[in-house]
Amino acid sequence: MSKVNIYRIDEEKHRDFERKLEENLSQIGTVSVLDKNAMEFVLYKKTNGEKKGITWNWILEEFSVDTIQVETQPRAIVKILFNEEIYAITFGHSYFLVDKFCDRDFAFSFARKSKYKEIKTTALTSPNSQRNKTINTYIDYNQLEFDSGESFTKLKAKLKQNREVKKICSELVEIGNSLKFDLKENSLKNIHELITYIVNVLKQKDICKIPVFSKVKEEALLKKLNKELKKSVENKKAISISEIDIIGVTEIFNNNDSSFRLWHGQKRKEVSELSYAQLEAFANEKELNLTEDLLDIKVQSLFNGASVRTDRIRNLIDYVNDDLRCILTKGEWYYFNDDYLDYLKDSIGEIDSIYCQEFDFNDTIHNDFIQERYLDEKDLDIYKELSETEIKAKLKRKYYAERTFNLLREHKNNFILHDRQTESVNGAVIELMDLYKDETMFAVKIGNSSSSLCYAVDQSLTSLKMYKHNKFKEMPEVKRIGVWLILERKTKLPNIDGKPDINKLDMLMLKNKLDIWKKEVRVLGYEPVVYINYRKN
């Protein structure tokens, strides 16, 4: 019994794929299977592989044991021509070569049309989550479950098969950018029958929902996305290099038993891990402009001293464009698909939202407050020899919009003010909360974008976890956890049953954060609530 890893090649990349095969491997032979589903099998193999010592030979030498020499990157590929389509089966490290040319919808299209007896493993991507990628394993489990904001990158499961398929392969299948099966008999005839089965399944209707990303193809949108990506490079937090990647169906841990060679032009540096900090150090050492050059830095992944793959940084980063609802992964742009967005919508709709008009804020309210503070503080020594205009300017910096909003809630609405009250927990300075009332702790934020408003969600979660573990002194009893968003927008959100519909916010990143926050709050035993108000100039 052997495992076969089957890709379908993207029809737009057929020529590039075949050119890559010719450049990197030698064609060994061709076999044709002629029947109503005629297929041609072409074997490509790396010849005269170089032998190198493994990285841990040093320990063998310490014990006077013979060192080990292995062939670097043994690889072979079978190209399969079937009608107008090209499939490929990879052996050894060749999945790195093929993965770049694969049809990324192929495997999960098969997955949606299949029935499952048992789920073994799932790997998911969560844009804008602190758990960027997760791998879950299960015992005696048969439900394909996912949370809002998650998209599948791998599935390992046992299929429900008919009699004919059981003769070809075992029930276990791995699904990622490729499909991996266990053949019951090692033969091209069995591979022929397996591909015929896969093609027939792909003609069926979907049976289950599996959220994955769909590829962006519109040239105008691609141009706009790439332009926005270039601007975002300056923001370190906008760019992340994941610890794990799925190549075909193989989990690649980017810092596991590997080293990396960075290069740009003639400049080189070998590093032990792949991170933004290492890229920054490389740029500083080699006098590169990181803003201009980051996406073009190349990374050579080394295993046992031999190159396994080479990619530009652009192909290794994860980046989300919140406004255009797209994600960059493996160098290509994808939409968040309908399954993903529908699930997120349902999840956000579960959060209790509250609007109270008297809490709305504007520049007039802010200026009136500053005038009151001016009358109270203008005679203080620190303001001597300053004009009224200069004093008010200083007061406006001291009593910025959010601080003013919080002080007003304390003075007018009987909230307890905790704004700017911090405690040191294990050396870290943490703000407890902004406001408290009726057994509810609030994190408050004024803004008009995900990037500004997400801060309140992160602050709320951090404080909650510290509160839950009794890290704060003299804290009041808390039953509800609130995020209070003061939106800078011209129109109010529409209401559903008298409550603001936060799903109408055109802020995907914020809604992802709120979804994660909601689940964490509930898991810790509290009730999540979102207060919505508005700031108008």
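Residues in the sequence shown are numbered from 2 upward in steps of one, following our numbering. We put the beta carbon where it would ideally sit given N, CA and C, even for glycine. Keep in mind it's a predicted model, so treat the numbers as computed, not measured.
Close-in-space but distant-in-sequence residues of the same chain around residue i (CB under 7 Å, 5 per side omitted)
i      : result
Leu180 : Ile7, Ala108, Phe111, Val174, Ile199
Pro501 : Ser354, Tyr356, Leu494, Ile533
Asp11  : Phe102, Cys103, Asp104
Pro374 : Here residue 374 is Arg; the residue named in the question, Pro, does not match the sequence. Counting only Cβ-Cβ distances below 7 Å, and skipping sequence neighbours, we find Leu396, Tyr400.
Glu281 : Leu291
Asp380 : none
Asp183 : Met2, Lys4, Cys170, Ser171, Leu173
Tyr456 : Lys446
Residues of its chain near residue i, where Cβ-Cβ distance is below 6 Å and the 5 sequence neighbours each way are ignored
i      : result
Leu465 : Ile482
Phe406 : Phe362
Ala394 : none
Asn187 : Ser3
Leu44  : Ile29, Gly30, Val79
Integer-rounded CB distance, given that residue j should sit under 8 Å from residue i
i      : j      : result
Gln301 : Phe261 : 7 Å
Gln70  : Lys47  : Between Lys47 and Gln70 the Cβ distance is about 17 Å, and since that is not below 8 Å, they are no contact.
Asn25  : Leu98  : 6 Å
Leu454 : Val445 : Not quite, the Cβ-Cβ distance comes to about 10 Å (not below 8 Å), so this is no contact.
His265 : Ile298 : 5 Å
Val34  : Lys190 : 7 Å
Asn84  : Lys118 : That pair is no contact at about 31 Å.
For residue i: DSSP bridge partner residues
i      : result
Thr48  : DSSP lists no partner for Thr48.
Met40  : Val34
Gly93  : Arg76
Lys83  : The question names Lys, but residue 83 in the sequence shown is Phe. Glu86.
Tyr292 : As written in the sequence, residue 292 is Thr, which differs from the Tyr given in the question. Paired residues: none, contrary to the question.
Leu125 : Thr135, Phe153
Gly54  : Gln70
Lys268 : His265
Asp312 : Val300
Lys101 : According to DSSP, Lys101 bridges with nothing at all.
Ile539 : Because the chain here runs from 2 to 538, residue 539 falls outside it and cannot be looked at.
For residue j and residue i, the rounded distance between their alpha carbons
i      : j      : result
Lys224 : Val166 : 45 Å
Asp100 : Lys21  : 12 Å
Asp258 : Glu274 : Confidence at Asp258 is low in this model, with a pLDDT of 48, below 50, so the placement of that residue should be treated as unreliable; the coordinate-derived value is given next. C-alpha separation (whole angstroms): 10 Å.
Tyr535 : Asp439 : 22 Å
Glu220 : Leu418 : 51 Å
Trp334 : Arg310 : 21 Å
Ile314 : Ser276 : 10 Å
Val32  : Tyr320 : 43 Å
Thr390 : Val217 : 53 Å
Cys209 : Lys114 : 7 Å
Ile392 : Glu386 : 10 Å
Lys519 : Thr463 : 13 Å
Asp459 : Glu62  : 51 Å
Tyr13  : Ser171 : Position check: residue 13 holds Glu in this sequence, whereas Tyr was assumed. Approximately 32 Å between the Cα atoms of the pair.
His15  : Lys157 : 28 Å
Glu19  : Lys270 : 32 Å
Asp347 : Ser452 : 23 Å
Arg523 : Ile136 : 22 Å
Leu160 : Leu515 : 35 Å
Pro529 : Ala39  : 59 Å
Asn504 : Gln279 : 39 Å
Lys91  : Arg9   : The sequence given here places Thr at residue 91; Lys does not occur at that position. Using only the alpha carbons, I get a separation of about 11 Å.
Arg490 : Asp324 : 16 Å
Lys232 : Ser215 : 24 Å
Ile352 : Asp507 : 17 Å
Glu378 : Ile371 : 10 Å
Glu286 : Asp294 : 14 Å
Asn227 : Glu288 : 24 Å
Test: residue i CB closer than 8 Å to a CB of chain D
i     : result
Lys46 : Going by chain labels, chain D is absent from the structure shown, which holds only one protein chain.
N-terminal and C-terminal residue of the beta strand (DSSP E) that residue i is part of
i      : result
Met442 : 441-448
Cys170 : 170-176
Asp353 : 353-356
Glu220 : Premise fails: Glu220 lies in the alpha helix (DSSP H), 220-233, not in any beta strand (DSSP E).
Phe406 : First-last for Phe406: 402-414, but that is the alpha helix (DSSP H), not the beta strand (DSSP E).
Phe182 : 180-184
Asp11  : Segment: none, Asp11 is in no beta strand (DSSP E) and carries neither H nor E.
Tyr335 : 333-336
Lys438 : 436-438
Arg262 : 260-265
Leu329 : 327-330
Tyr532 : 528-537
Range covered by the alpha helix (DSSP H) that runs through residue i
i      : result
Cys455 : 451-469
Arg113 : 107-113
Ile487 : Not the alpha helix (DSSP H): Ile487 falls in the beta strand (DSSP E), residues 481-488.
His15  : 15-25
Glu378 : 364-378
Asp516 : 509-524
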